[in-house]
Amino acid sequence: MAHGVTILCRYLLAAKNRGHIPHDSQAYIDAIYKGVMFAVKRYYRNEIHLFYSTTSIHESAIEEGYSIWVNYAYYCMLLLIEQVAKEFNCEAKFEKAFVLKDGFGTIVKNVFTIGDRLIRRLKPDGEADLRPDITLMSPFFFGTGIVPDIFKPDEIFINTMKFVEDNLWDPDLGMLQRYLPFIEDPNTHVHAGNGPWVQYTAMLAQYYYFTGNLEKGDTIMDIIDSYSTDGYLCEHLTTPDRFHEFMTLEWLPGSDVNKEFAPDIMIDGITYDLIVEELNHMKNSYDQIKRRIETGAVRYLTFAIPLMWSHAEYAMALLLKTWRQLQDIGVKQHIL
146 MAHGVTILCR YLLAAKNRGH IPHDSQAYID AIYKGVMFAV KRYYRNEIHL
196 FYSTTSIHES AIEEGYSIWV NYAYYCMLLL IEQVAKEFNC EAKFEKAFVL
246 KDGFGTIVKN VFTIGDRLIR RLKPDGEADL RPDITLMSPF FFGTGIVPDI
296 FKPDEIFINT MKFVEDNLWD PDLGMLQRYL PFIEDPNTHV HAGNGPWVQY
346 TAMLAQYYYF TGNLEKGDTI MDIIDSYSTD GYLCEHLTTP DRFHEFMTLE
396 WLPGSDVNKE FAPDIMIDGI TYDLIVEELN HMKNSYDQIK RRIETGAVRY
446 LTFAIPLMWS HAEYAMALLL KTWRQLQDIG VKQHIL
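Going by my numbering, the sequence shown runs without a break in its numbering and finishes at 481.
The following block contains the structure:
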């Protein structure tokens with residue numbers, strides 16, 4: 146919900162900035178209002194001043210509770226709603242959103258900070274989830290590109306980024322893993338073998354470009370380029386050994402099926418024949434991968450190529466690099 150409302154806000158602000166306000170802008174404003182009110186009604190918990198997470202950022206059960214990604218996404222949404230309300234003279238319509246926004250950023254930062262770094266989630270029962278996760282980049286990812294940027298690389302965030310890179314940088318393939326593959330955890334999926342994800346790695350390059358470390362950003366982008374296929378980028382990668390381990394430890398015993406189709410993360414009304422159909426697709430895909438490996442000379446496996454998300458984050462990294470270079474020579478031009 147936060148992403149959808151954010152997209153509508155960014156569209157209206159970009160249109161206004163270019164002098165091409167859509168004739169049906171009121172319909173967009175109404176949709177933004179309905180979206181934020183729906184989110185507040187369904188997911189906002191007044192008692193702890195956070196939004197409840199369910200299946201954010203491409204995952205399911207490991208997001209259950211109160212995640213840093215979801216709550217920074219909503220904070221970004223509220224900031225953009227404030228800008229839209231001012232630009233389109235509809236502040237009164239969004240008074241409730243303004244009340245929610247006041248102090249929300251401070252609450253989110255405080256709740257998700259333990260010791261000298263950030264944490265990725267509070268579980269539904271309030272227990273802190275201390276495991277490494279790329280969602281720890283949320284303050285940067287959602288705090289830039291807003292005009293003005295609200296992200297500041299303070300000591301807490303710098304410590305957090307070191308924690309992310311130290312733990313999630315793939316030792317064999319390079320690039321960032323989404324999280325560590327604790328497969329015994331019934332809520333952790335490894336997606337046909339754990340490995341790095343291109344889009345999250347591109348976010349890391351964005352961070353280094355934004356903070357002025359162009360050399361580190363270029364190094365990361367070069368690694369991404371090394372895994373492109375005819376200029377296309379995939380979603381994630383793994384190795385043949387990891388794929389075989391996944392098949393042995395998760396697919397053949399059936400634990401992956403139990404994770405993928407756990408009743409508490411399924412949409413109501415999904416019939417079993419649809420599950421069987423999806424399982425058949427998965428088996429056919431894994432059989433194809435096994436045949437590819439059997440041909441030999443397969444150092445790594447790619448999944449979901451081309452993926453628009455990976456290309457979008459890659460493009461944003463290049464934009465941030467150009468923005469930083471302009472900043473360094475005194476051209477004060479915002480990336481937007």
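Every residue, glycine too, gets a C-beta built ideally from N, C-alpha and C.
- Counting along the chain, His334 sits inside no beta strand (DSSP E), nor does DSSP assign it H or E at all.
- Note on Tyr353: 16 or more other CB atoms within 10 angstroms of its CB, so buried under the neighbour-count rule.
- Apart from sequence neighbours up to five positions away, the residues of its chain that approach Pro298 with a beta-carbon distance below 6 Å are Thr356, ordered along the chain.
- Taking Trp314 as reference, the option from Ile279, Gly338, Asp473 with the minimal CA-CA separation is Ile279.
- Take the alpha-carbon of Asp270 and the one of Gly260: they are about 20 Å apart.
- Per DSSP, the beta bridge partners of Tyr189 are Phe196.
- In the DSSP secondary-structure assignment, Ile259 is bridged to Arg262.
- Residue burial annotation: Met461 is buried, with at least 16 other C-beta atoms found within 10 angstroms of its C-beta.
- The alpha-carbon separation between Asn425 and Ile295 amounts to approximately 47 Å.
- Pairwise C-beta distances place the stretch 331-350 in contact with the stretch 434-454, as three or more of them are shorter than 8 Å.
- Residue environment analysis places Pro408 among the exposed positions, since fewer than 16 neighbouring C-beta atoms fall within 10 angstroms of its C-beta.
- In the three-state reduction of the DSSP assignment, Leu313 falls in the helix class, which pools H, G and I.
- Ranked by Cα distance from Pro284, the first of Ser212, Val229, Val181 is Ser212.
- Within the model, the alpha-carbon separation for Phe257 versus Gly441 is close to 46 Å.
- Contact fails between the stretch 364-373 and the stretch 411-423, because fewer than three Cβ pairs, one in each stretch, are under 8 Å apart.
- Collapsing the DSSP output to three states places Asp274 in a strand.
- Within the stretch 315-402, the runs of alpha helix (DSSP H) at least 4 residues long that lie entirely inside it are, in chain order, 343-355, 359-371, 385-391.
- Restricting attention to alpha helix (DSSP H) runs no shorter than 4 residues, the stretch 408-449 encloses them at 417-439, ordered along the chain.
- With 16 or more other Cβ atoms from the protein chains shown falling within 10 Å of its own Cβ, Phe388 counts as buried.
- Taking every protein chain shown into account, the CB of Gly290 has 16 or more other CB atoms within 10 angstroms, so this residue is buried.
- Only buried fits Leu452, as 16 or more other CB atoms lie within 10 angstroms of its CB.
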